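Top to bottom, those sequences are chains A and B. The numbering of the first sequence is the numbering used here, which starts it at 1 and goes up by one. The numbering of the second sequence is the numbering used here, which starts it at 1001 and goes up by one. All C-beta atoms in this analysis are idealised placements derived from N, C-alpha and C, irrespective of residue type, glycine included. These numbers were taken from a predicted model, which means no experiment stands behind them.
Protein chains: 2
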Amino acid sequence: MQVAVLAHESFPDRAKTAVGLLRYGDHEVRAVVDRERAGSRVADVLPDVQDAPIVASMADVPEIDALVVGISPIGGQFDESWRPDVRAALERGCTVMSGLHDFLEDDEEFVRLAAEHGGALDDLRKPPDDLTVAEGTAGDVDATVVTTVGTDCSTGKMTASFELRDAARERGIEAAVVPTGQTGIAITGWGIVVDRVISDYAAGAVERLVQTPADADLLIVEGQGSLAHPAYSGVTTSILHGSAPDALVMCHNAGQEVVHGYESFAIPPLSEYVDLYEQMAAPVSGAEVVAGSLNTSKLDADEAETAVTDYADAIGVPATDPVRDGVPDEVLDAIL
Amino acid sequence: MQVAVLAHESFPDRAKTAVGLLRYGDHEVRAVVDRERAGSRVADVLPDVQDAPIVASMADVPEIDALVVGISPIGGQFDESWRPDVRAALERGCTVMSGLHDFLEDDEEFVRLAAEHGGALDDLRKPPDDLTVAEGTAGDVDATVVTTVGTDCSTGKMTASFELRDAARERGIEAAVVPTGQTGIAITGWGIVVDRVISDYAAGAVERLVQTPADADLLIVEGQGSLAHPAYSGVTTSILHGSAPDALVMCHNAGQEVVHGYESFAIPPLSEYVDLYEQMAAPVSGAEVVAGSLNTSKLDADEAETAVTDYADAIGVPATDPVRDGVPDEVLDAIL
């Protein structure tokens, strides 16, 4: 699929979906739409991802199949300044994909334009309407299932999932990420936003996801939230049990000690956190934490090296910062 | 409020809501509607709950404020044979309350009749539309918060909650049940069906519930599912963390060893299960399992006595079968 990514005034730092698409997506990105950086190229700011021109509006985008909204503002609302580009994409018969809380399908103009011009609206946060309770059959999947878990939200679970996938692919293993959030879904083109599923069906949604890929030998399930999170632990649990993993990779931000946004709640000591994940996994799949992923983006190189070593010691398994150091053999070996 | 309870061909054994309303509700039940048992009285089959006549249809029901659907068939669908009674209730200007999966509000005739006659439709499974993520503030509630948890679904969590409430009230304590399922909601007239809430907001829904009652000194939160359940553990976790309890009461069916409907999954050993609940509670509220509730309905009196003793030994805290033996002082003392 050939796509353009909408990222007005946000590329690259506040356009997580856009960057993810460029770094990990199977789509060809033919343009990034950002009126602030128009005229430059992706390679000027992000040298290690697929390159594309940055343009001011859909008028400068070559032929594409889909326009992906690559920005997730806090609150997830649609910004009216994006309307002309979405309108133009629909008038060209493209699909418009969005992970915003505001659904494109609730916008009368977009619905009308899509119908008139043969375009389509794909709201990535909208779960399928035929979900059911889990049957407890996720463990029957032939592939090795590895689920990324974390000590908090935003600890690099999605990034670790894609980096592990790419490392496995480099070794010739058929690997796929099982996306459970809108960014991962925008990157891969499939998945279910589990936090939008009614809680009765959340594990069932994940079970369906791990049973979907036909030809993968390694499935890396993108986790969400954390088991000790006062608000999101239910989502985490549903993914942990719904994916019935063979192994877990625990993701952490170096130095973080309290839950982000919930600072009165301490993050449990790392070795206890490993135990908590394993004890919760035990009744369903018996998965153990076999590797760690540490986000060291706030540290310098020396500090990062020490932090990764300390993290590996604390959790008793190999660890890496996959963004800084890639996925070393000992980490990939641990999950296989 | 004066109510009638619809329980066609199901009273009492397959009409859990109807029996719960009669046993624990604050409403006056003026009639049970069951065409199969019409002419007899509740006291003929259930001597220990509030009595009411059993009638064949709404035509024989005296003046009421609401008709409550007291049956929860598997699948939760509306049975067309109930339509004449719902219609008659709406034509009399009554509220009709239902915990079915099929929403009354999606039925055009019912909507029209309610509008025409000043009746109302109350779908108990429909969550409020202004829920949000939890803020992590449930622990600030002044009341003592006790959450019932279980080794599986249907282990008596709702019943234990109401029995604990009644025992506390007998001791002069202002106690209230915080209902999280449709039966508890039908009994008390308030609550949120947490399993219908999107998983992102499930803990937030429970947090809102425990912050609602103004004048209770003891809140007993009705738990759902179980932490080791392959399908429902996410709901359980959301209630465990969203209620931020001071103490837990663990409910179990005597002799049950595997998860009902998921028989390839063993129920963990009881003492390990206690540890699992306490380890999961630790990061948010530090609650411990302080008492046990055992369902011994399949045992004779001698077996039951032994089973309760064994259960208390296994979990290391006082236990009772609250239906058979009530709530002894040592159990009530343990939760206060």
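Along chain A, in chain order, which residues have C-beta atoms closer than 9 Å to that of residue i?
i, result
"I1198 of chain B", "P127, D195, R196, V197, I198, S199, A202"
Using 8 Å as the threshold, is the C-beta distance between residue i and residue j below it?
i, j, result
"S233 of chain A", "S243 of chain A", "no"
"V33 of chain A", "A4 of chain A", "yes"
"I267 of chain A", "Q256 of chain A", "yes"
"P322 of chain A", "T159 of chain A", "yes"
"P1073 of chain B", "F265 of chain A", "no"
"Q1211 of chain B", "V1141 of chain B", "yes"
"A89 of chain A", "M1 of chain A", "no"
"V1194 of chain B", "V1206 of chain B", "yes"
"I198 of chain A", "V1197 of chain B", "yes"
"L1363 of chain B", "R1087 of chain B", "Outside the modelled stretch of chain B, which goes from 1001 to 1336, sits residue 1363 of chain B, for which no answer is possible."
"A1247 of chain B", "A134 of chain A", "no"
"A176 of chain A", "L21 of chain A", "no"
"G1119 of chain B", "T1095 of chain B", "yes"
"V1061 of chain B", "T1017 of chain B", "no"
"E1174 of chain B", "D1215 of chain B", "yes"
What does residue i reach in chain A if we use C-beta pairs closer than 7 Å?
i, result
"Q1279 of chain B", "L276, Q279"
"V1133 of chain B", "A231"
"Y1262 of chain B", "G136"
In chain C, what lies closer than 7 Å to residue i by C-beta?
i, result
"G234 of chain A", "The question asks about chain C, but that chain is absent: this structure's protein chains are A and B."
List the residues of chain A whose Cβ lies closer than 8 Å to the Cβ of residue i, in chain order.
i, result
"F1265 of chain B", "G136, P283, V284"
"P1073 of chain B", "Result: empty, since nearest Cβ-Cβ is about 16 Å, beyond 8 Å."
"P1268 of chain B", "A282, P283"
Can you pull the DSSP bridge partners for residue i?
i, result
"E288 of chain A", "A:A247"
"H1252 of chain B", "B:L1294"
"L121 of chain A", "A:V96"
"P1053 of chain B", "B:R1041"
"G1150 of chain B", "B:C1251"
"T320 of chain A", "A:S293"
"L1006 of chain B", "B:V1033, B:V1069"
"T137 of chain A", "Answer is none; T137 of chain A lacks a bridge partner."
"I1220 of chain B", "B:V1146, B:V1177"
"V1258 of chain B", "B:A1266"
"E28 of chain A", "A:Q2"
"I1198 of chain B", "A:I198"
I need the straight-line Cα distance from residue i to residue j, nearest angstrom please.
i, j, result
"L336 of chain A", "L1276 of chain B", "28 Å"
"L219 of chain A", "T1236 of chain B", "27 Å"
"E288 of chain A", "S161 of chain A", "17 Å"
"D338 of chain A", "E1163 of chain B", "What is shown of chain A runs 1 to 336, which leaves residue 338 of chain A out entirely."
"G316 of chain A", "S271 of chain A", "8 Å"
"P1318 of chain B", "T1137 of chain B", "30 Å"
"A202 of chain A", "M250 of chain A", "21 Å"
"F11 of chain A", "D1129 of chain B", "34 Å"
"L1332 of chain B", "V1290 of chain B", "10 Å"
"E36 of chain A", "L1104 of chain B", "51 Å"
"E170 of chain A", "D329 of chain A", "11 Å"
"G189 of chain A", "G25 of chain A", "9 Å"
"H1252 of chain B", "A304 of chain A", "48 Å"
"R1041 of chain B", "C153 of chain A", "56 Å"
"T1144 of chain B", "L1131 of chain B", "24 Å"
"F1078 of chain B", "Q224 of chain A", "36 Å"
"E1109 of chain B", "G1261 of chain B", "36 Å"
"I64 of chain A", "A56 of chain A", "16 Å"
"A1038 of chain B", "E1116 of chain B", "30 Å"
"K1157 of chain B", "V1221 of chain B", "9 Å"
"P1127 of chain B", "R1208 of chain B", "12 Å"
"Y1273 of chain B", "H241 of chain A", "16 Å"
"M58 of chain A", "G75 of chain A", "25 Å"
"R165 of chain A", "S1285 of chain B", "37 Å"
"T1320 of chain B", "P1213 of chain B", "27 Å"
Which chain B residues sit within Cβ distance under 9 Å of residue i?
i, result
"A228 of chain A", "H1241, M1280, A1282, P1283, V1284"
* Counting pairs of beta carbons, one from the region 118–132 of chain A and one from the region 88–99 of chain A, are three or more of them closer than 8 Å? -> Contact between the region 118–132 of chain A and the region 88–99 of chain A is present, because at least three Cβ pairs lie under 8 Å.
* To do: Decide if the region 1138–1158 of chain B is in contact with the region 1306–1315 of chain B; the criterion is three or more beta carbon pairs, one per stretch, under 8 Å apart.
  => No, the region 1138–1158 of chain B is not in contact with the region 1306–1315 of chain B.
* Do the region 27–41 of chain A and the region 50–69 of chain A make contact, defined as three or more Cβ pairs closer than 8 Å? -> Output reads yes: the region 50–69 of chain A touches the region 27–41 of chain A.
* May I ask you to verify whether the region 1173–1192 of chain B touches the region 1288–1299 of chain B, counting CB pairs closer than 8 Å and requiring at least 3? => The region 1173–1192 of chain B vs the region 1288–1299 of chain B: no contact.
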